[in-house]
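Here the sequence shown is numbered in our numbering, starting from 28 and rising by one per residue. First up is the structure itself, then whatever we jot down about it.
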Amino acid sequence: MITYEFKAKGKLEQYLKIDEAIRICQFIRNKAIIFWMDNPGVKLFEISRSSATLAKEFELASKLNSQARQAATERASFSISRFYENCKSGKPGKKGYPRFQKRNRSVEYKQTGWKLSKDRKSINFTDKNDIGSLKLIGTYDLHYYQTNQIKRVRIIRRSDGYYVQFAIVAERNIDIRPTGKTIGLDVGLSAFYTDSQGNKVENPCYLRKSEKALKRLQRRVSKKKKGSRNRKRAINRLGRKHLKVSRQRKDFAIKMALCVVKYNDFVAFEKLQVRNMVKNHHLAKSISDAAWSQFTEWLEYLGKVYGRIVVGVPPQYTSQNCSNCGAFVKKSLSVRTHVCQCGCFLDRDYNAAINILDKALKQTGYQLASTVGHRSTFNASGEKILCSDLATSVSKIAR
Numbered sequence: 028m029i030t031y032e033f034k035a036k037g038k039l040e041q042y043l044k045i046d047e048a049i050r051i052c053q054f055i056r057n058k059a060i061i062f063w064m065d066n067p068g069v070k071l072f073e074i075s076r077s078s079a080t081l082a083k084e085f086e087l088a089s090k091l092n093s094q095a096r097q098a099a100t101e102r103a104s105f106s107i108s109r110f111y112e113n114c115k116s117g118k119p120g121k122k123g124y125p126r127f128q129k130r131n132r133s134v135e136y137k138q139t140g141w142k143l144s145k146d147r148k149s150i151n152f153t154d155k156n157d158i159g160s161l162k163l164i165g166t167y168d169l170h171y172y173q174t175n176q177i178k179r180v181r182i183i184r185r186s187d188g189y190y191v192q193f194a195i196v197a198e199r200n201i202d203i204r205p206t207g208k209t210i211g212l213d214v215g216l217s218a219f220y221t222d223s224q225g226n227k228v229e230n231p232c233y234l235r236k237s238e239k240a241l242k243r244l245q246r247r248v249s250k251k252k253k254g255s256r257n258r259k260r261a262i263n264r265l266g267r268k269h270l271k272v273s274r275q276r277k278d279f280a281i282k283m284a285l286c287v288v289k290y291n292d293f294v295a296f297e298k299l300q301v302r303n304m305v306k307n308h309h310l311a312k313s314i315s316d317a318a319w320s321q322f323t324e325w326l327e328y329l330g331k332v333y334g335r336i337v338v339g340v341p342p343q344y345t346s347q348n349c350s351n352c353g354a355f356v357k358k359s360l361s362v363r364t365h366v367c368q369c370g371c372f373l374d375r376d377y378n379a380a381i382n383i384l385d386k387a388l389k390q391t392g393y394q395l396a397s398t399v400g401h402r403s404t405f406n407a408s409g410e411k412i413l414c415s416d417l418a419t420s421v422s423k424i425a426r
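Here it is, written out as structure tokens:
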């Protein structure tokens, strides 16, 4: 599935109609949650059927396309099924009980209720909500795909305007060549990540750099009278700045993940419980700004696209154990250098990155042995693997 996004240009009346469609989507989704609460043990497919009943009961809901109503109830079904899965798996902490939406920002159509123009430069929404034709501004060319390949069309409202997304079913044919390289990654705050070769990528700290401007915009919002147009304008400016920071962070995470996956056959990273780590109020802002979860999610996705092996390992003792002899060397978070009795003297993150790679290789049936002056890869039976044969060995792991 490929997602293309375009900026939508229209008139003010059309934007108001889009806002109304988004509110209707939120209304239907919340009604589906109420239906589930009032009918214990109801099946998920019955929740999807409730969209037709809502269209008969409420004139507001009938304005939206039938498949768009189904997509709204599917959002409710997804939150309910996720709640059940968390309960069955015994997930610690909160299980994600379905909540009512208050600030929905999108409406989703399936394969009806919209029509592309012949030049694929505009889209016309044909349901009773009367959004009309919106101009599409972007660099993607939709001529490469047939209309029946477009399975979903979303309208998204953001601080800087409205966007249209196309979810397209298509195969990605990428020329994949083995590189014969393995890498372990240790993410951090001082450096975005440190790899098992000792290389570091600095953390851009986009939120920290924009913090002064964000505080100034926040003060302007607080000074405006509630409900006034000036306050709405100030909120919009603040939202645009936050949106810019989030886009910078996402762009950096994607580029770093793509660079790692392209040039390595085997990638190992540590699976961090970021949700628990941000409970530390002294580090929560820095951890959120680092976007570790976003980076690792893109690593796993791009690994599937490029046919690379991406393995996540538990982070326990990766910083404390010595990568040379395996001895346990206890150190606090403030100690940034690993010093062991065996003579190993390394940067703390570099030591952790080597341990992460070793753990991942063992999980997949391989172990990494250290020798003086160089590091060699061995398989489970103890036979040495040459770098030229590593790509073949990695493909065997995948199978």
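C-beta atoms are modelled at their ideal positions from N, C-alpha and C, and glycine is treated no differently.
Secondary structure at Lys259: helix, using DSSP grouped into helix, strand and coil.
Per DSSP, reduced to three states, the secondary structure at Thr100 is helical. With respect to the 8 Å criterion, Tyr190 and Ala311 are not classified as neighbours on the basis of their beta carbons. In this structure, DSSP gives Ser186 a state outside helix and strand, which the three-state scheme calls coil. Of Tyr124, Val356, Val338 and Gly254, the smallest CA-CA separation from Asp292 is found for Val338.
Restricting attention to Ala261, Val228 and Val305, the CA atom closest to the CA of Ala280 is found in Val228. Annotation: the continuous beta strand (DSSP E) that includes Thr30 extends over Ile29 to Lys36. About 6 Å separates the Cβ atoms of Ile45 and Ile158, confirming a contact at the 8 Å cut-off. In the displayed model, Phe279 falls within a helix according to three-state DSSP. Within the segment 109-158, the runs of beta strand (DSSP E) at least 3 residues long that lie entirely inside it are, in chain order, 133-136, 141-143 and 149-152. In this structure, Gly140 lies away from Phe127, with their beta-carbon atoms at least 8 Å apart. For the pair Thr345 and Ile383, the CB atoms are nearer than the 8 Å cut-off. By the neighbour-count criterion, in which 16 or more other beta carbons inside 10 Å mark a residue as buried, Gly68 falls on the exposed side. Arg199 and His170 have their C-alpha atoms spaced approximately 16 Å apart.
Going by DSSP, Thr345 is part of no alpha helix (DSSP H) at all; its letter is neither H nor E. Closest by C-alpha distance to Leu265, out of Leu244, Ser255 and Lys250, is Leu244.
The three-state secondary structure of Ile51, taken from DSSP, is helix. Using a Cβ distance threshold of 8 Å, Lys357 and Gln347 count as a contacting pair. Put simply, of Lys115, Glu297 and Val180 the residue whose alpha carbon is nearest the alpha carbon of Leu388 is Glu297. The way I'd put it, the segment 205-218 doesn't touch the segment 55-68; fewer than three beta-carbon pairs between them come closer than 8 Å. The beta carbon of Lys386 lies closer than 6 Å to those of Val340 in the same chain, with the five residues before and after it left out. Taking each of Glu47, Asp376 and Lys38 in turn and checking the Cα distance to Gly225, the smallest one comes out for Asp376.
With contacts defined as CB atoms closer than 8 Å, Arg256 and Val248 fail to qualify as a contacting pair. Straight-line measurement puts the Cα of Gly188 at about 47 Å from the Cα of Thr391. Per DSSP, the beta-bridge partners of His365 are Leu373.
Contact between the segment 143-151 and the segment 83-93 is not established, with fewer than three Cβ pairs separated by less than 8 Å. By the criterion of at least three beta-carbon pairs nearer than 8 Å, the segment 110-126 is not in contact with the segment 85-94. Counting of Cβ neighbours within 10 angstroms places Ile201 among the exposed residues, the total staying below 16.
Ranked by Cα distance from Arg276, the first of Ala48, Ser106, Ser186 and Phe219 is Phe219. A direct Cα-to-Cα measurement between Tyr111 and Asp222 gives close to 38 Å.
The secondary-structure analysis by DSSP pairs Ser160 across a beta bridge with Asn151.
Distance from the CA atom of Trp325 to the CA atom of Met283, rounded to whole angstroms, is 9 Å. In the assembly as shown, Tyr290 is an exposed residue. Its beta-carbon has fewer than 16 other beta-carbons within 10 Å. Note on geometry: alpha-carbon atoms of Lys142 and Leu161 lie some 11 Å from one another.
Bridge partners of Phe296 according to DSSP: Leu212 and Gly339. Between the C-alpha atoms of Arg50 and Ala99 there is a straight-line separation of about 11 Å.
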